[in-house]
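Encoded as structure tokens, the structure appears first; notes follow it.
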Amino acid sequence: MFQVKNLTVTHKKDLTTLVEGLSFTLAPGDRAALIGEEGNGKSTVLKLLYDPQLVEPYAEWTGEIVDKGLRKGYLAQELAPAELELPVWEFCQCAQAFLDADPKALDRAARQVGLDAGLFWDARPLSTLSGGERVKLRLALLLLDGPDLLLLDEPSNDLDLATLEWLEGFLRGCKAPVLYISHDETLLERTANMVIHLERLRRRTLPRCTVARTGYKQYVEERASGFAHQEQVARKERAEFDAKQEKFRQIRDKVDHQQATITRQDPHGGRLLKKKMHSVLSMGRRFEREKEDMTALPEWEEAILTAFDGGKSAFPAGKTALRLDLPELRAGERLLARNVRLWVTGPEKVGIVGPNGAGKSTLLKLVADALLPRTDLRAAYMPQDYGDLLLGERTPVEILAPGGHREDVTRARTLLGNMKYKAEEMEHPAAGLSGGQRAKLLFLSMVLNGANALVLDEPTRNFSPLSAPVIRRVLADFPGVIISVSHDRLYLEQVCTRVLELGETGLKERV
636 MFQVKNLTVT HKKDLTTLVE GLSFTLAPGD RAALIGEEGN GKSTVLKLLY DPQLVEPYAE
696 WTGEIVDKGL RKGYLAQELA PAELELPVWE FCQCAQAFLD ADPKALDRAA RQVGLDAGLF
756 WDARPLSTLS GGERVKLRLA LLLLDGPDLL LLDEPSNDLD LATLEWLEGF LRGCKAPVLY
816 ISHDETLLER TANMVIHLER LRRRTLPRCT VARTGYKQYV EERASGFAHQ EQVARKERAE
876 FDAKQEKFRQ IRDKVDHQQA TITRQDPHGG RLLKKKMHSV LSMGRRFERE KEDMTALPEW
936 EEAILTAFDG GKSAFPAGKT ALRLDLPELR AGERLLARNV RLWVTGPEKV GIVGPNGAGK
996 STLLKLVADA LLPRTDLRAA YMPQDYGDLL LGERTPVEIL APGGHREDVT RARTLLGNMK
1056 YKAEEMEHPA AGLSGGQRAK LLFLSMVLNG ANALVLDEPT RNFSPLSAPV IRRVLADFPG
1116 VIISVSHDRL YLEQVCTRVL ELGETGLKER V
């Protein structure tokens, strides 16, 4: 059994409390989804529970972690740049479980995640694998160690649809307790039997933790229903209190007036009015005590708020946005597909799917290269790995308002506030932000640039399951063209007007 008792985590740089008083217990069969808005400390908590030294440079904590010698397996959200440059076989040999495994165990682990066992010995740099292949490889290495507790930070990122279904089955069948972060709402609904929700209320200054032993969908529905009922009761109590207060004010004003107009020749009446005023003031104090006991209005962390300018972002219906004909699609010397034809007209929203390693991101990069230089449209590109776009010491405000003009800075701060950035976070170097906060920043840059053609590689992958519905609505309402790669099943269903599957023989319409 794994226990966390009264865990509080504080950011060293600005002394922001990310988590306060978090307590929970995990037993075999528990599948706990750790959810919350971007930047609320989910990844920090996961690192801390695995190895406190991982967060020591930037966070301090109090509380108790009781693991009693459990073997913990941790899947980080991102790999270090140095790890990405290692040959695949050398990366694998960094794991002791790989060195200890016999060929049968290696083959079994590879089959579990849908990989060819030969990939373990591949000489290519890890960075040349697709995002999904890297996740599968790391999951396979994790399974070789036979952990007693799994801590998974975004295991669903970059997985193709078939492997997502495998991951759902793996989580449901896992006997060891699992604590995991995922932005895939479908995965959460199908796997979680416990929810740990990290929030930061009152302009992200007040942390709140909620632990519920229920499924994700049930948690969301019961939370919304509970808040609605609480708000109804609270508003009714306030209306009744206001009515009592109005009656109290009328009585008090009447007695005040009587005291002000009584003559000195009526001392008996004066004593009666003084006694009456004492009773009135006592009634007022009683009302104040009632006010303290009233049901509080519910508090919750609102989702992000932004939208594209409908006029600037509109794309003429029927106008050709892209005509791309590729006899071959290659990644270096590797042939990925033949006869790739991608024709898009306004205002279509195209989603591209396919197995990991099929070349979807490679194709999308070619699409971006074709659209970004054009002057007859305004294209914006969100790559799968957008760290390179946000490297350096520039802050979110400097990225959104590079000229430093007062009006631009004010607008940037307003938009960042709508995206739930604290004032301090607006001045943090963007490279140090969480994946979700960086995704919000790139999203805002597309809004500010008035783009009418978006090229998006996994656009919802770093948005929390609470923010993702807002992003999907914004993109579904976007009046321009979208060409995207996604494994988000709700995104494909709610945003895309066409879904194409990339295979060895090109792109095919997916029914």
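Using this note's numbering, you'd call the opening residue of the sequence shown number 636 and step up by one each time. No residue lacks a Cβ here, since even glycine has one placed at the ideal position from N, Cα and C. In this text, all values refer to a predicted model and were calculated from it rather than measured experimentally.
>> Using a 10 Å radius around the Cβ and a threshold of 16 neighbouring Cβ atoms, would you call residue 1087 buried or exposed?
In response: When all chains shown are included, residue 1087 counts as buried.
> Starting from residue 1112 and walking both ways along the alpha helix (DSSP H), at which residues does that stretch end?
Replying inline: First-last of the alpha helix (DSSP H) with residue 1112: 1103-1112.
> From residue 655 to residue 673, what distance separates their C-alpha atoms?
Replying inline: About 17 angstroms.
>> With a threshold of 8 angstroms on Cβ separation, who are the neighbours of residue 760 within its own chain once the five nearest residues in sequence on each side are excluded?
In response: So the list reads 719, 720, 721, 722, 723, once near-sequence residues are dropped.
> So residue 790 and residue 817 are in contact, right, with Cβ under 8 angstroms, and what is the actual spacing, rounded?
Replying inline: Between residue 790 and residue 817 the beta-carbon gap is near 7 angstroms, inside 8 angstroms, which marks them as a contact.
>> Rounded to the nearest angstrom, what separates residue 1129 and residue 1104 at their Cα positions?
In response: One C-alpha to the other measures close to 10 angstroms.
>> For a test of the three-state rule: what should DSSP assign to residue 835, helix, strand or coil?
In response: Assigned with DSSP and collapsed to three states, residue 835 falls in strand.
> How would you label residue 888, buried or exposed, when you count the other beta carbons within 10 angstroms and need 16 or more for buried?
Replying inline: With fewer than 16 other Cβ atoms from the protein chains shown falling within 10 Å of its own Cβ, residue 888 counts as exposed.
> What's the gap between the Cα of residue 936 and the Cα of residue 834?
Replying inline: Because residue 936 sits at a pLDDT of 47, beneath the cut-off of 50, its placement in the model cannot be relied upon, and the following sentence gives the value as read from the coordinates. Taking the straight line joining both Cα atoms gives about 6 angstroms.
>> Taking the alpha-carbon of residue 662 as reference, which of 811, 859, 846, 700 has the nearest alpha-carbon?
In response: The shortest C-alpha separation from residue 662 is found at 811.
>> If you reduce the DSSP assignment to three classes, tell me which class residue 1054 lands in.
In response: In this structure, residue 1054 counts as coil in the three-state DSSP scheme.
>> From the DSSP secondary-structure annotation, give me the bridge partner or partners of residue 699.
In response: 640, per the DSSP bridge assignment.
> With burial defined as no fewer than 16 other Cβ atoms inside 10 Å of the residue's Cβ, what is the status of residue 958: buried or exposed?
Replying inline: Counting Cβ neighbours within 10 Å, residue 958 comes out exposed, since fewer than 16 surround it.
>> What does the alpha-carbon distance come out to for the pair residue 824 and residue 989?
In response: Distance between the alpha carbons of residue 824 and residue 989: 23 angstroms.
> Does the count of Cβ pairs from the segment 969-984 and the segment 1058-1068 closer than 8 angstroms reach three?
Replying inline: Remark: fewer than three beta-carbon pairs, one from each stretch, lie closer than 8 angstroms, so the segment 969-984 and the segment 1058-1068 are not flagged as touching.
> In or out: residue 697 buried (at least 16 other Cβ within 10 Å) or exposed?
Replying inline: The residue in question, residue 697, is exposed, as its Cβ has fewer than 16 Cβ neighbours within 10 Å.
>> Can you tell me whether residue 1037 is buried or exposed? The criterion is at least 16 other CB atoms within 10 Å of its CB, across all chains shown.
In response: Residue 1037 should be labelled exposed.
> beta strand (DSSP E) containing residue 1069: first to last residue?
Replying inline: Counting along the chain, residue 1069 falls outside any beta strand (DSSP E), and DSSP gives it neither H nor E.
> Where does residue 1058 land, buried or exposed, given buried means 16+ other C-beta within 10 angstroms?
Replying inline: Residue 1058 should be labelled exposed.
> Between which two residues does the beta strand (DSSP E) containing residue 652 stretch?
Replying inline: From DSSP, the beta strand (DSSP E) with residue 652 extends over 652-661.
> Hey, how far is the Cα of residue 1062 from the Cα of residue 1051?
Replying inline: In this structure, the alpha-carbon of residue 1062 lies about 11 angstroms from that of residue 1051.
> Quick one, are the C-beta atoms of residue 733 and residue 776 less than 9 angstroms apart?
Replying inline: In contact: residue 733 and residue 776 (Cβ atoms closer than 9 angstroms).
> Out of curiosity, what's the CA-to-CA distance linking residue 730 and residue 1090?
Replying inline: The C-alpha of residue 1090 is placed about 37 angstroms away from the C-alpha of residue 730.
> Thinking C-alpha only, which one of 852, 832, 837, 859 is nearest residue 846?
Replying inline: Of the candidates 852, 832, 837, 859, 832 places its Cα closest to the Cα of residue 846.
> If residue 1121 and residue 1093 are in contact, beta carbons under 8 angstroms, what's the gap, nearest whole angstrom?
Replying inline: Indeed they touch by this definition, with Cβ atoms about 6 angstroms apart.
> Where does the unbroken alpha helix (DSSP H) through residue 716 begin, and where does it stop?
Replying inline: For residue 716, the enclosing alpha helix (DSSP H) begins and ends at 716-719.
> If we ignore side chains and look at the alpha-carbon of each, how far apart do residue 727 and residue 1071 end up?
Replying inline: The straight-line gap from Cα to Cα measures roughly 28 angstroms.
> What is the DSSP secondary structure of residue 921, counted as helix, strand or coil?
Replying inline: The answer is helix: DSSP assigns residue 921 an H, G or I state.
> What number of angstroms, rounded off, separates the C-alpha of residue 1001 from the C-alpha of residue 984?
Replying inline: Taking the straight line from one Cα to the other gives about 17 angstroms.
>> Any contact between the segment 642-651 and the segment 684-697? By contact I mean 3 or more CB pairs, one from each, below 8 angstroms.
In response: A contact exists between the segment 642-651 and the segment 684-697.
> Is residue 1029 helix, strand or coil by DSSP?
Replying inline: Of the three classes helix, strand and coil, the one that applies to residue 1029 here is coil, per DSSP.
> If we ignore side chains and look at the alpha-carbon of each, how far apart do residue 639 and residue 1073 end up?
Replying inline: Across the structure, residue 639 and residue 1073 are spaced so that their CA atoms are roughly 29 angstroms apart.
> Could you give the residue range of the alpha helix (DSSP H) that holds residue 746?
Replying inline: First-last of the alpha helix (DSSP H) with residue 746: 738-748.
>> Alpha carbons only, please: which of 801, 1015, 1077 is nearest the one belonging to residue 767?
In response: Minimum Cα distance to residue 767 is reached at 801.
>> If contacts are defined as beta-carbon pairs under 8 angstroms, then residue 637 and residue 784 qualify, I think. What distance do you get, rounded to the angstrom?
In response: Indeed, because the Cβ distance is near 5 angstroms, the residues count as touching under 8 angstroms.
>> Assuming contact is defined by CB atoms lying nearer than 9 angstroms, are residue 1097 and residue 771 in contact in what I supplied?
In response: A distance of 9 angstroms or more separates the beta carbons of residue 1097 and residue 771.
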